[in-house]
DNA sequence: TATGAATGAGAGTTCATTCAT
DNA sequence: CATGAATGAACTCTCATTCAT
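Residue numbers (our numbering), protein chains in the order written: chain C, 21 to 239; chain G, 21 to 239; chain X, 21 to 239; chain H, 21 to 239.
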């Protein structure tokens, strides 16, 4: 009986520099959707395979195990977000304008790809330690650091108050976005199925709240 | 003949009508801890029973099933928080002072009972729909509304900017708190095991950020 | 400590020589009903206790365990049947008349106490070996023997064909009754809720079929 | 290029489109045996899997749950019986001969496959309502109807007494067979392990009893 | 007698993972 | 690459039985 591979010349099963097998992609996309819909633990391999229209076992051909799959989902989504944040940071505009862009960007993405955002935002810290210990935590931290960097630069230029801790400020800003999104998802804000205009209005509100603060006068 | 006592002639210290059985309480407490440590799906009945020091089956004596148990946990924790928020709202102080108190209160509780806070904050929206559809969503919404009410009153007294939407503002405030807590839990803020002083500092930072906003000058 | 009851002149709860405690009786009655409704394995102690209106533990006060309880139910029901069969046997009438009475008796009882009959007839051989090994098998066999005795006597008087094996004949007769009852219970015979008249008609049919046989002419 | 096969050169014994997977069959067979040995409620999935020599989970690969498995067992066995009855009915012979064949057939099958018969005969009406409501009740009724049809035809040809109700007669006949089998199973008839000859003798006895009736003379 | 809280073994079901084809 | 049958550990839930009061 011929063994699997006479010489193992690696005919091609390797991710072949850059070009990713189409089915791998399908699985990843499916995972995002299922993940978003059912959460980390509710997301079963069978669901992902069915959603992707591939055979059960193929998932294990491309991913070591469930954790690696979901870790990949996280990583990919975060990478997209990080790239966007980085683009904003290295782009034009004052720090305050950049931070406003961050708010708008996330809520904008939600409008077009709510699943991805849910995965990104709502599932952080929900995954098991194994995940958190992995790249996810790092990328999450990276996002906070990136935003805190914008804050720090704003402090240098005098746009942002010096007394604020950039990291805490970044956390507050991202947290404000997150819970606004949660409110949206749960239907507490914006109603059961918010219109695009409504979401735009919420964007403006979040920006105003976070940048300007609640108080009408400075103490 | 001396009757045992004025009203309650219960010969044996029976589960004292109306008062909650001690073991039920133990199970609930254990559930909070396990829940916080492992999340909704990672939380197994066996863990809860062991943690509570009771037999497996007893959990099912007091609770219909896993969902009802965890729903109870949610309900209890939220009730505690809601009561505290309500106490703050109906207490003394200006609206801004009250909102500052809210920030401080949650972070304070975290210092003394991090598990409860994790359950409360980190698990919202993570539970299955059955839970979200239940009392949890309502109480979550209640919390947002309570805070938004404080905001609204602050707008009436002129302390808080009129252009802000109270609900969005409340969501931002609670979100800022939440992600700061998440940062604490993950060790991104305050280091691996933050001192009480460090947490106090973070409290001040969050209050300053949220109430005063990021911008050093108003547009 | 004051004892339970200053006077407590034993109003009656004592087993009072020979007289069976009222609650024991209630449990037994309840067991018959539950047993009939749910079958041996579907019958839970909790159901019996609730149906009897007594506390859980009391069942174990009067009966060693579930098997003993259900064995008691069997024994009691069979005893009633055996006594009736014996009364018929030692009573007046030819053998054929007696056997007709047996048919009528069982179907009659069904009319007034279908539960008891179901337990008696439908549950034989369904119970675990432990039960079958016990008195149930013996009483079941006793019933067959009793009927076969009537058959034997009929053969002696020439009423019944000599070529028949009394035991097989008895089994056939009881079997005919049983499946007719099953048909009644399942609604295949007599419709969903048969009238008394309908049951009477079935009685006559069974008697005619069993005693006279199917064939219109003897070979 | 050699086409797949002349008839059966299947390189891999794949589940052969359309044909039933071999292991599914093994599970079904095992279920019959375990079912017969322990009854509906005593029959555990683990037993079936072990008996079939397959892994626990495979049972759930082929069957939704325990009820569906046992329903399948019922359905299959009844189908076999129904087919046999139908074959007898549409075959040659007078009605009386056909009915005699029915008696002989069932007792014959018992000789070669006692398990299947036990399942078929002894477990009817013992299963939970869910089962009874399903195909089982219908097929049971179908069997009674099939036999009653033979009776009716016998009445038309004058072989069978006109005064008998075909349905009741059919029930009596099948009941006679059933309780004779029960007697066999319990060792009340034919002794602990009856020889084939003994069973043949019982067959004759049952036929004689049912067809000819008990009475030696017609009233 | 009587109660019902407490126990824990056992059974059904799910699902990540492996493997032969 | 691709498939999906096969495996079995893990988990939820049930219920007979015990026991302190």
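Positions of the beta carbon are idealized from the N, C-alpha and C atoms, including for glycine.
In the three-state DSSP reduction, residue 75(G) falls in the coil class, being neither helix nor strand. By the CB criterion at 8 angstroms, residue 57(G) and residue 68(G) fall outside the cutoff.
Runs of the alpha helix (DSSP H) spanning 4 or more residues and lying entirely within the segment 88-134 of chain X occur at 115-132, in chain order.
The beta carbons of residue 82(C) and residue 44(C) sit closer together than 8 angstroms. Residue 232(X) and residue 191(H) have their alpha carbons spaced roughly 15 angstroms apart.
Against chain C, the beta carbon of residue 118(G) has no neighbour under 9 angstroms; the closest one sits roughly 11 angstroms away. Residue state for residue 180(G) is assigned as strand, using DSSP reduced to three classes. Of all residues in the segment 213-228 of chain X, the ones placed with a Cβ closer than 9 angstroms to any Cβ belonging to chain H are 221, 222, 225, 226, 228, in chain order. DSSP places residue 186(H) in the uninterrupted alpha helix (DSSP H) bounded by 186-206. Contact residues of the segment 175-195 of chain H toward chain X are 178, 179, 180, 181, 182, 183, 184, 185, 187, 188, 189, 191, 192, 193, 194, 195 (C-beta to C-beta distance below 8 angstroms).
In this structure, residue 222(X) places its C-beta atom within 8 angstroms of the C-beta atom of residue 200(X).
Per DSSP, residue 44(H) is one residue of the alpha helix (DSSP H) stretching across 42-62.
Residue-level contact by beta carbon fails for residue 132(X) and chain H, as no gap is shorter than 8 angstroms. Cβ-Cβ distances below 7 angstroms link residue 73(G) to 46 in the same chain, with the five nearest sequence neighbours on each side left out; the list follows chain order. In its chain, beyond the 5 residues on either side, 137, 201, 204, 219 have a beta carbon closer than 8 angstroms to the beta carbon of residue 130(C).
At a cut-off of 8 angstroms, the C-beta of residue 199(G) has a neighbouring C-beta in chain C. A check of alpha carbon separations from residue 104(C) across 173(C), 206(C), 122(C), 112(C) identifies 122(C) as the nearest. CA-to-CA, the gap between residue 180(X) and residue 182(H) works out to about 22 angstroms. Annotated as proximal: residue 230(X) and residue 234(H), with beta-carbon spacing under 8 angstroms.
Excluding its 5 nearest sequence neighbours in each direction, residue 172(C) has C-beta neighbours in its own chain below 6 angstroms: 186, listed in chain order. Secondary structure note for residue 233(X): it is in no alpha helix (DSSP H), with a DSSP letter that is neither H nor E. For the C-beta of residue 108(H), not a single chain X residue is nearer than 9 angstroms; the gap to the nearest is close to 15 angstroms. At the C-beta level, residue 120(H) and residue 227(H) come within 8 angstroms of one another.
For the options 213(H), 207(H), 164(H), 197(H), the alpha carbon positioned closest to that of residue 208(X) is the one of 164(H).
Residue contact with chain C for residue 234(G): present (Cβ-Cβ distance below 8 angstroms to some residue of chain C). Contact note: residue 157(C) reaches chain G through 206, using a C-beta cutoff of 7 angstroms and chain order. For residue 68(X), the closest Cβ of chain H is not nearer than 8 angstroms. Between residue 115(G) and residue 177(G), the beta carbon gap of about 6 angstroms places them in contact (Cβ cut-off 8 angstroms). Separation of residue 168(H) and residue 213(X) (C-alpha to C-alpha, rounded to the nearest whole angstrom) is 21 angstroms. Under a criterion of Cβ atoms nearer than 7 angstroms, no residue of chain G is adjacent to residue 49(C); the nearest Cβ is some 22 angstroms distant. Taking 8 angstroms as the cut-off between beta carbons, the residues of the segment 52-67 of chain X near chain H are 59, 60, 61, 62, in sequence order. Note on geometry: alpha-carbon atoms of residue 100(G) and residue 128(G) lie some 14 angstroms from one another. Annotation: residue 170(G) to residue 118(G) spans about 7 angstroms, alpha carbon to alpha carbon. Cβ atoms of residue 184(X) and residue 225(H) come within 8 angstroms of each other, at about 7 angstroms. It is roughly 57 angstroms from the alpha-carbon of residue 160(X) to the alpha-carbon of residue 75(C).
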